[in-house]
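I have placed the structure first, in the form of structure tokens, so that the comments after it can refer back to it.
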Amino acid sequence: MRKLLLPFSLLFRFGVAVRNWFFDIGLIKAVKIGKPVISVGNISAGGVGKTPLVEMLVEKISSGRKIAVVSRGYGRKSSGMIIAGDGNGSHAPVKETGDESGQITSKFPGVIVIADEKRVRGALKAVELGADVIILDDGFQHRYLHRDLDIVVMTAEEILKGDLLLPAGNRREPIGSLKRADHLVISRCDDVKQYESASQEILKQVSCAAANEGKITGLQVKIKSFKRAFDNENIDITQFAGKKVVAVSGIGSPDSFKSSLIKVGLSIAEHLLFPDHHWFSDEDIRNIVNTREKTNADFVVTTEKDFMRLKELYPDFLKNEPVIIAGISHEVVAGIDRFDDTLKKCVDNAKWQNEFYK
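This is the structure:
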């Protein structure tokens with residue numbers, strides 16, 4: 001049915017092209033902030049695995065540097081600039097920051113995290129707070145802020161199956177926009193073979209420097225940990241083999257979450273689906289509890305993002321029910337050396353860049 005909206009997609013494509021042209025010719029200028037900016041983004045709406053990649057970047061480049069993550073703060077019940085985490089242990093409520101910002105603040109208390117729909121303003125605040133490097137979350141279309149490294153994430157399935165522009169499809173930009181990317185990341189690769197097929201498909205569809213120079217990295221989604229929700233204690237993943245669970249997710253890629261649980265040996269009694277960034281209600285909680293009891297499931301398993309929202313409003317539910325948090329991470333399938341080299345060049349160039357920007 002969405003294909004009936006194809007005429008509107010053509011209008012959308014025209015609008016995107018005009019906007020990008022204005023940036024390309026300098027009619028709209030990007031602001032340089034005097035610190036290296038690494039953007040992680042995509043060309044499609046929906047979950048492609050940006051947050052685990054942002055966390056990977058933090059782990060890779062934070063040694064000896066103060067890192068800041070700046071995002072829009074999707075799903076938050078606030079507007080304007082909110083300092084989700086000041087890098088010194090203080091943090092704002094998740095309702096004000098959004099689940100993704102809250103998750104990063106919780107996992108990396110030494111990282112500055114700012115939610116702001118005006119990313120330039122948020123980045124400048126991060127510099128004021130002492131950031132050495134800015135990671136711009138979901139920043140590919142937000143061209144008002146100059147970036148020194150543009151990383152674009154696409155799933156292997158999206159590349160191989162193709163898609164249409166909004167509203168007929170899920171693409172925010174046509175595939176040709178990958179010409180702006182410095183490095184491509186193919187997420188949710190089943191194996192090296194699928195990564196290679198997706199890489200070849202990109203080369204067929206668009207001639208971009210990143211693909212032509214082999215700057216493509218393949219990633220695979222993995223469950224890296226299980227934690228008890230009520231005390232955040234790690235539990236050995238092997239203890240869950242064969243356990244019956246009710247999966248609960250309000251994320252952009254629920255099928256990926258479900259398949260990851262199955263891969264580690266869990267039996268999914270039922271998967272309760274909610275919209276991305278969904279704020280749970282009393283009725284939702286009763287439904288989760290009733291479903292677990294009805295199916296005689298051993299546990300309720302949810303994502304880290306969903307946990308951030310649940311603990312904000314329903315701490316008693318997490319205490320009284322056997323809720324487990326599944327920690328998601330990326331495992332590299334191929335192309336890590338080029339990825340690390342790209343990061344190193346960007347961060348190591350920070351000193352002369354700062355002088356240049358002055």
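Throughout the sequence shown, residue numbering follows the working numbering, covering 1 to 358 in sequence.
The beta-carbon is built from N, C-alpha and C at its ideal position, and this holds for glycine as well.
Around the Cβ of residue i, are there at least 16 other Cβ atoms within 10 angstroms (buried) or fewer (exposed)?
i: residue 188; result: buried
i: residue 85; result: buried
i: residue 36; result: buried
i: residue 147; result: buried
i: residue 254; result: buried
i: residue 358; result: Any reading at residue 358 must be qualified, since the residue scores a pLDDT of 34, below 50, and its modelled position is unreliable; no value is offered.
i: residue 2; result: exposed
i: residue 18; result: exposed
i: residue 286; result: exposed
i: residue 202; result: buried
i: residue 22; result: exposed
i: residue 265; result: exposed
For the beta strand (DSSP E) containing residue i, name the first residue and the last one.
i: residue 220; result: 216 to 228
i: residue 331; result: 323 to 334
i: residue 244; result: 244 to 249
In this structure, does DSSP put residue i in helix, strand or coil?
i: residue 351; result: Caution is warranted here: a pLDDT of 47 is assigned to residue 351, below 50, making its placement in the model unreliable, and the coordinate value is therefore given only provisionally. In this structure, residue 351 counts as helix in the three-state DSSP scheme.
i: residue 379; result: In the structure as shown, the chain begins at 1 and stops at 358. Residue 379 is therefore absent and cannot be evaluated.
i: residue 55; result: helix
i: residue 346; result: helix
i: residue 88; result: coil
i: residue 270; result: strand
Terminal residues of the continuous alpha helix (DSSP H) containing residue i?
i: residue 302; result: Counting along the chain, residue 302 falls outside any alpha helix (DSSP H), though it belongs to the beta strand (DSSP E) covering 299 to 303.
i: residue 11; result: 6 to 24
i: residue 102; result: 99 to 107
i: residue 113; result: Taken as a continuous stretch (DSSP letters only), residue 113 belongs to no alpha helix (DSSP H), being part of the beta strand (DSSP E) at 112 to 115.
i: residue 373; result: Residue 373 lies beyond the stretch modelled for the chain, which goes from 1 to 358, so this question has no answer here.
i: residue 292; result: 282 to 295
Exercise for review: Check whether the segment 226 to 244 touches the segment 207 to 216, counting contact only when three or more Cβ pairs, one atom from each stretch, lie closer than 8 Å.
Suggested key: no
Review point. Does the segment 145 to 163 touch the segment 183 to 200, meaning 3 or more C-beta pairs lie closer than 8 Å?
Key: yes
Review point. At which residue ranges does the segment 121 to 209 contain complete beta strand (DSSP E) runs of 3 or more residues, listed in the order of the chain?
Key: 133 to 137, 149 to 155, 183 to 187
Practice item. Would you check if the segment 335 to 342 and the segment 308 to 315 touch, i.e. whether three or more CB-CB distances between them fall below 8 Å? Key: no
Exercise for review: Check whether the segment 2 to 18 touches the segment 104 to 111, taking contact to mean three or more Cβ pairs, one atom from each stretch, closer than 8 Å.
Suggested key: no
Review point. How about the segment 224 to 231 and the segment 318 to 338: do they share at least three Cβ pairs that are nearer than 8 Å?
Key: yes
Check your understanding: Is the segment 170 to 179 close to the segment 324 to 337, with three or more CB pairs under 8 Å?
Key -> no
**Study point:** Inter-stretch contact (C-beta, 8 Å, three-pair minimum) for the segment 160 to 167 and the segment 89 to 102
**Key:** no
**Study point:** Segment contact, 8 Å Cβ cut-off, at least three pairs: the segment 124 to 136 with the segment 56 to 66
**Key:** yes
Exercise for review: Could I get the ranges of all uninterrupted alpha helix (DSSP H) runs contained in the segment 26 to 75, with 4 residues as the minimum, in chain order?
Suggested key: 50 to 61
Check your understanding: Would you say the segment 43 to 57 touches the segment 73 to 87, given that touching needs at least three Cβ pairs under 8 Å?
Key -> no
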